[in-house]
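Accompanying notes for the structure given below.
Residue numbers (my numbering): 1 to 263.
Quick look at the structure:
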(Lines of atoms letter the chains of each structure in order from A; the text may use other names.)
(Lines give C-alpha, C1' and ligand atoms only; values in the text may rest on other atoms or scores of the structure.)
Protein backbone atom coordinates (compact mmCIF):
# COMPACT_ATOMS: atom_id res chain seq x y z
CA UNK A 1 0.00 0.00 0.00
CA UNK A 2 1.35 3.43 -0.96
CA UNK A 3 0.11 6.02 1.50
CA UNK A 4 -0.62 9.21 -0.45
CA UNK A 5 -0.55 11.66 2.43
CA UNK A 6 -1.97 12.83 5.71
CA UNK A 7 -0.37 13.86 8.97
CA UNK A 8 2.33 11.81 10.64
CA UNK A 9 -0.07 10.26 13.20
CA UNK A 10 -2.62 9.47 10.49
CA UNK A 11 -0.06 7.66 8.34
CA UNK A 12 1.36 5.83 11.35
CA UNK A 13 -2.12 4.54 12.21
CA UNK A 14 -2.59 3.47 8.58
CA UNK A 15 0.66 1.47 8.67
CA UNK A 16 -0.38 -0.34 11.86
CA UNK A 17 -3.76 -1.13 10.30
CA UNK A 18 -2.05 -2.37 7.10
CA UNK A 19 0.02 -4.88 9.06
CA UNK A 20 -3.06 -6.09 10.91
CA UNK A 21 -4.96 -6.44 7.60
CA UNK A 22 -2.28 -8.60 5.97
CA UNK A 23 -0.50 -6.22 3.58
CA UNK A 24 3.13 -7.02 2.74
CA UNK A 25 4.48 -3.47 2.65
CA UNK A 26 3.75 0.16 3.38
CA UNK A 27 5.40 2.83 1.28
CA UNK A 28 5.32 6.60 1.68
CA UNK A 29 5.75 9.47 -0.72
CA UNK A 30 8.86 11.60 -0.16
CA UNK A 31 8.30 15.23 -1.14
CA UNK A 32 10.53 18.27 -0.72
CA UNK A 33 8.66 19.42 2.37
CA UNK A 34 5.81 18.37 4.63
CA UNK A 35 5.84 15.17 6.70
CA UNK A 36 9.36 13.72 6.61
CA UNK A 37 9.30 10.28 5.01
CA UNK A 38 12.15 8.64 6.90
CA UNK A 39 11.13 9.98 10.33
CA UNK A 40 7.68 8.57 9.61
CA UNK A 41 9.09 5.20 8.54
CA UNK A 42 11.21 5.08 11.72
CA UNK A 43 8.04 5.49 13.79
CA UNK A 44 6.35 2.76 11.76
CA UNK A 45 9.37 0.51 12.31
CA UNK A 46 8.93 0.49 16.09
CA UNK A 47 5.14 0.08 15.96
CA UNK A 48 5.08 -2.87 13.53
CA UNK A 49 6.84 -6.22 13.42
CA UNK A 50 6.42 -7.78 9.97
CA UNK A 51 5.52 -5.35 7.21
CA UNK A 52 8.17 -4.00 4.80
CA UNK A 53 8.74 -0.24 4.91
CA UNK A 54 10.03 2.08 2.21
CA UNK A 55 9.66 5.10 -0.04
CA UNK A 56 7.98 5.45 -3.40
CA UNK A 57 10.07 7.29 -4.03
CA UNK A 58 13.14 9.17 -2.78
CA UNK A 59 14.31 11.77 -5.37
CA UNK A 60 17.97 10.97 -4.75
CA UNK A 61 19.59 13.81 -6.78
CA UNK A 62 17.88 16.31 -4.44
CA UNK A 63 19.10 14.57 -1.27
CA UNK A 64 22.56 14.12 0.22
CA UNK A 65 23.27 10.43 -0.41
CA UNK A 66 25.17 9.94 2.85
CA UNK A 67 22.18 11.27 4.78
CA UNK A 68 19.81 8.99 2.87
CA UNK A 69 22.12 6.05 3.62
CA UNK A 70 21.98 6.93 7.33
CA UNK A 71 18.20 7.33 7.34
CA UNK A 72 17.64 3.98 5.64
CA UNK A 73 20.06 2.22 7.99
CA UNK A 74 18.24 3.67 10.98
CA UNK A 75 14.89 2.35 9.73
CA UNK A 76 16.46 -0.99 8.85
CA UNK A 77 17.94 -1.37 12.33
CA UNK A 78 14.78 -0.26 14.13
CA UNK A 79 12.63 -2.60 12.03
CA UNK A 80 14.92 -5.61 12.28
CA UNK A 81 15.75 -5.59 8.55
CA UNK A 82 12.56 -4.46 6.77
CA UNK A 83 13.66 -1.31 4.93
CA UNK A 84 13.42 -0.77 1.17
CA UNK A 85 14.79 2.29 -0.63
CA UNK A 86 12.94 3.41 -3.76
CA UNK A 87 14.82 6.02 -5.81
CA UNK A 88 14.45 8.08 -8.96
CA UNK A 89 15.54 11.37 -10.48
CA UNK A 90 12.47 13.15 -9.08
CA UNK A 91 9.54 14.80 -10.79
CA UNK A 92 10.19 18.50 -11.29
CA UNK A 93 6.53 19.35 -11.79
CA UNK A 94 5.17 17.75 -8.59
CA UNK A 95 7.98 17.03 -6.13
CA UNK A 96 10.07 20.21 -6.22
CA UNK A 97 9.16 23.78 -5.27
CA UNK A 98 11.12 26.70 -6.66
CA UNK A 99 14.62 26.03 -5.30
CA UNK A 100 18.18 26.01 -6.56
CA UNK A 101 18.27 22.23 -7.07
CA UNK A 102 19.52 20.72 -10.32
CA UNK A 103 16.70 20.21 -12.81
CA UNK A 104 18.58 19.08 -15.93
CA UNK A 105 17.51 15.48 -16.54
CA UNK A 106 20.88 14.23 -17.79
CA UNK A 107 22.71 15.65 -14.79
CA UNK A 108 20.11 14.29 -12.35
CA UNK A 109 20.48 10.84 -13.92
CA UNK A 110 24.26 10.96 -13.43
CA UNK A 111 23.78 12.10 -9.82
CA UNK A 112 21.37 9.21 -9.28
CA UNK A 113 23.95 6.68 -10.48
CA UNK A 114 26.73 8.15 -8.35
CA UNK A 115 24.43 8.42 -5.34
CA UNK A 116 23.48 4.75 -5.55
CA UNK A 117 27.17 3.78 -5.67
CA UNK A 118 27.96 5.95 -2.64
CA UNK A 119 25.09 4.53 -0.60
CA UNK A 120 26.16 0.96 -1.37
CA UNK A 121 29.72 1.82 -0.32
CA UNK A 122 28.58 3.19 3.04
CA UNK A 123 26.27 0.24 3.72
CA UNK A 124 29.17 -2.11 3.07
CA UNK A 125 31.23 -0.35 5.73
CA UNK A 126 33.27 1.79 3.36
CA UNK A 127 34.62 5.18 4.40
CA UNK A 128 35.67 6.62 1.06
CA UNK A 129 33.95 7.38 -2.24
CA UNK A 130 35.14 9.58 -5.07
CA UNK A 131 32.72 9.72 -7.97
CA UNK A 132 31.85 12.18 -10.73
CA UNK A 133 29.39 14.07 -8.49
CA UNK A 134 30.10 13.11 -4.88
CA UNK A 135 33.26 12.98 -2.79
CA UNK A 136 33.01 11.37 0.63
CA UNK A 137 35.86 10.68 3.04
CA UNK A 138 35.67 9.96 6.76
CA UNK A 139 38.37 8.67 9.09
CA UNK A 140 36.14 7.51 11.96
CA UNK A 141 35.65 3.76 11.72
CA UNK A 142 33.02 3.82 14.48
CA UNK A 143 30.57 5.62 12.17
CA UNK A 144 30.97 2.90 9.58
CA UNK A 145 30.58 0.18 12.20
CA UNK A 146 27.33 1.43 13.70
CA UNK A 147 25.96 2.49 10.30
CA UNK A 148 25.58 -1.01 8.90
CA UNK A 149 22.11 -2.29 7.97
CA UNK A 150 20.59 -5.44 9.42
CA UNK A 151 19.92 -6.84 5.95
CA UNK A 152 22.90 -8.18 4.08
CA UNK A 153 21.67 -6.15 1.11
CA UNK A 154 19.01 -3.48 1.59
CA UNK A 155 16.86 -3.57 -1.57
CA UNK A 156 17.13 -0.53 -3.81
CA UNK A 157 14.25 -0.16 -6.25
CA UNK A 158 14.85 2.32 -9.06
CA UNK A 159 12.66 3.99 -11.65
CA UNK A 160 13.23 2.67 -15.17
CA UNK A 161 11.46 3.90 -18.30
CA UNK A 162 10.37 1.23 -20.78
CA UNK A 163 11.76 0.74 -23.40
CA UNK A 164 14.73 3.11 -22.88
CA UNK A 165 17.95 1.01 -22.66
CA UNK A 166 20.00 3.52 -20.66
CA UNK A 167 17.32 3.80 -17.99
CA UNK A 168 16.80 0.04 -17.93
CA UNK A 169 20.52 -0.67 -17.54
CA UNK A 170 20.48 1.26 -14.27
CA UNK A 171 17.99 -1.27 -12.91
CA UNK A 172 20.48 -4.09 -13.57
CA UNK A 173 22.57 -2.64 -10.72
CA UNK A 174 19.63 -2.59 -8.32
CA UNK A 175 17.14 -4.99 -6.79
CA UNK A 176 13.83 -3.81 -8.19
CA UNK A 177 12.25 -1.80 -10.96
CA UNK A 178 9.66 0.96 -10.55
CA UNK A 179 8.57 0.98 -14.20
CA UNK A 180 7.36 3.84 -16.28
CA UNK A 181 5.71 3.25 -19.65
CA UNK A 182 4.19 -0.17 -19.01
CA UNK A 183 0.69 -0.19 -20.47
CA UNK A 184 -0.17 -3.90 -20.67
CA UNK A 185 1.01 -7.21 -19.15
CA UNK A 186 2.67 -7.93 -22.51
CA UNK A 187 4.95 -4.93 -21.86
CA UNK A 188 5.98 -6.60 -18.60
CA UNK A 189 6.84 -9.82 -20.45
CA UNK A 190 8.93 -7.87 -22.97
CA UNK A 191 10.77 -6.02 -20.22
CA UNK A 192 11.43 -9.24 -18.30
CA UNK A 193 12.88 -10.78 -21.47
CA UNK A 194 15.10 -7.70 -21.95
CA UNK A 195 16.45 -8.09 -18.41
CA UNK A 196 16.93 -11.84 -18.77
CA UNK A 197 18.95 -11.38 -21.95
CA UNK A 198 21.30 -9.05 -20.09
CA UNK A 199 21.90 -11.17 -17.01
CA UNK A 200 19.55 -9.46 -14.59
CA UNK A 201 20.20 -10.36 -10.94
CA UNK A 202 18.08 -13.23 -9.64
CA UNK A 203 14.98 -12.09 -7.85
CA UNK A 204 14.74 -8.73 -9.59
CA UNK A 205 11.46 -7.21 -8.41
CA UNK A 206 9.10 -5.59 -10.92
CA UNK A 207 6.36 -3.34 -9.59
CA UNK A 208 3.05 -2.27 -11.02
CA UNK A 209 0.42 -0.08 -9.47
CA UNK A 210 -3.27 0.69 -9.57
CA UNK A 211 -6.49 0.87 -7.61
CA UNK A 212 -8.56 -2.19 -6.69
CA UNK A 213 -11.99 -2.07 -5.03
CA UNK A 214 -12.31 -2.52 -1.29
CA UNK A 215 -15.72 -4.18 -1.51
CA UNK A 216 -15.14 -6.73 -4.30
CA UNK A 217 -12.25 -9.15 -3.65
CA UNK A 218 -13.01 -11.17 -6.79
CA UNK A 219 -12.75 -8.09 -9.01
CA UNK A 220 -9.55 -7.07 -7.21
CA UNK A 221 -8.01 -10.49 -7.82
CA UNK A 222 -9.02 -10.46 -11.49
CA UNK A 223 -7.43 -7.05 -11.92
CA UNK A 224 -4.12 -8.06 -10.35
CA UNK A 225 -3.74 -11.60 -11.73
CA UNK A 226 -2.73 -10.74 -15.35
CA UNK A 227 0.10 -8.55 -14.06
CA UNK A 228 1.33 -11.26 -11.69
CA UNK A 229 1.21 -13.86 -14.45
CA UNK A 230 3.25 -11.54 -16.69
CA UNK A 231 6.00 -11.36 -14.09
CA UNK A 232 5.24 -8.46 -11.74
CA UNK A 233 6.21 -9.34 -8.18
CA UNK A 234 4.62 -6.41 -6.31
CA UNK A 235 1.18 -4.86 -6.76
CA UNK A 236 1.30 -1.33 -5.33
CA UNK A 237 -2.16 -0.21 -4.27
CA UNK A 238 -2.52 3.54 -4.82
CA UNK A 239 -4.94 6.41 -4.29
CA UNK A 240 -3.26 9.37 -5.99
CA UNK A 241 -6.19 11.69 -6.66
CA UNK A 242 -5.96 15.10 -5.01
CA UNK A 243 -6.37 16.16 -2.32
CA UNK A 244 -4.19 13.54 -0.65
CA UNK A 245 -4.99 14.51 2.92
CA UNK A 246 -8.68 15.45 3.16
CA UNK A 247 -11.07 13.65 5.53
CA UNK A 248 -12.77 11.78 2.70
CA UNK A 249 -9.43 10.62 1.26
CA UNK A 250 -8.29 9.45 4.69
CA UNK A 251 -11.56 7.52 5.10
CA UNK A 252 -11.09 5.87 1.69
CA UNK A 253 -7.50 4.89 2.50
CA UNK A 254 -8.44 3.30 5.81
CA UNK A 255 -11.34 1.48 4.19
CA UNK A 256 -9.12 0.05 1.46
CA UNK A 257 -6.38 -0.93 3.90
CA UNK A 258 -8.82 -2.61 6.27
CA UNK A 259 -10.26 -4.75 3.44
CA UNK A 260 -6.85 -6.38 2.93
CA UNK A 261 -4.68 -6.80 -0.15
CA UNK A 262 -5.87 -8.34 -3.43
CA UNK A 263 -4.95 -12.02 -3.23
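The beta-carbon is built from N, C-alpha and C at its ideal position, and this holds for glycine as well.
Owing to the predicted nature of the structure, the values given are computational and were not obtained by experimental measurement.
Checklist entry - Out of curiosity, what's the CA-to-CA distance linking residue 92 and residue 166? => result 20 Å
Checklist entry - Alpha carbon to alpha carbon, how far is residue 268 from residue 63? => result In the structure displayed, the chain extends from 1 to 263; residue 268 sits before or after that span and is not available.
Next on the checklist: Can you tell me whether residue 129 is buried or exposed? The criterion is at least 16 other CB atoms within 10 Å of its CB, across all chains shown.
Outcome noted: buried
Checklist entry - Based on the DSSP secondary-structure assignment, which residues constitute the bridge partners of residue 234? => result 207
Item to check | Minimum C-alpha distance to residue 139 - residue among 253, 152, 125 | outcome: 125
Item to check | Alpha carbon of residue 50 to alpha carbon of residue 249, nearest angstrom | outcome: 26 Å
Checklist entry - How many Å lie between residue 168 and residue 89 at the Cα? => result 14 Å
Item to check | Rounded Cβ spacing between residue 231 and residue 206 (contact assumed at less than 8 Å) | outcome: 6 Å
Next on the checklist: With DSSP as the reference, identify every bridge partner of residue 128, one or two as the case may be.
Outcome noted: 137
Next on the checklist: Can you tell me whether residue 16 is helix, strand or coil according to DSSP?
Outcome noted: helix
Item to check | Rounded straight-line distance, which links the Cα of residue 18 to that of residue 198 | outcome: 36 Å
Item to check | Environment of residue 46 [buried if 16+ CB atoms lie within 10 Å] | outcome: exposed
Checklist entry - Tell me, which residues are paired with residue 179 by DSSP? => result 160
Item to check | CA-to-CA distance, residue 81 to residue 71, given in whole angstroms | outcome: 13 Å
Checklist entry - Exposed or buried, residue 54, counting other C-beta atoms within 10 Å across all chains shown (16 or more means buried)? => result buried
Item to check | Beta-bridge partners of residue 83, as assigned by DSSP | outcome: 53
Checklist entry - Exposed or buried, which one is residue 141 when buried takes at least 16 other CB atoms within 10 Å? => result exposed
Next on the checklist: I need the DSSP call for residue 88, collapsed to helix, strand or coil.
Outcome noted: strand
Item to check | Which listed residue (12, 161, 22, 238) has its alpha carbon closest to that of residue 42 | outcome: 12
Next on the checklist: Less than 8 Å between the C-beta atoms of residue 178 and residue 157, yes or no?
Outcome noted: yes
Checklist entry - When the distance is taken between beta carbons, is residue 172 closer than 8 Å to residue 115? => result no
Item to check | Distance, residue 104 Cα to residue 136 Cα | outcome: 23 Å
Next on the checklist: Comparing C-alpha positions only, which one of 185, 160, 155 sits nearest to residue 119?
Outcome noted: 155
Item to check | Opening and closing residue of the alpha helix (DSSP H) in which residue 115 lies | outcome: 105-123
Checklist entry - Along the chain, where does the alpha helix (DSSP H) that runs through residue 188 open and close? => result 185-197
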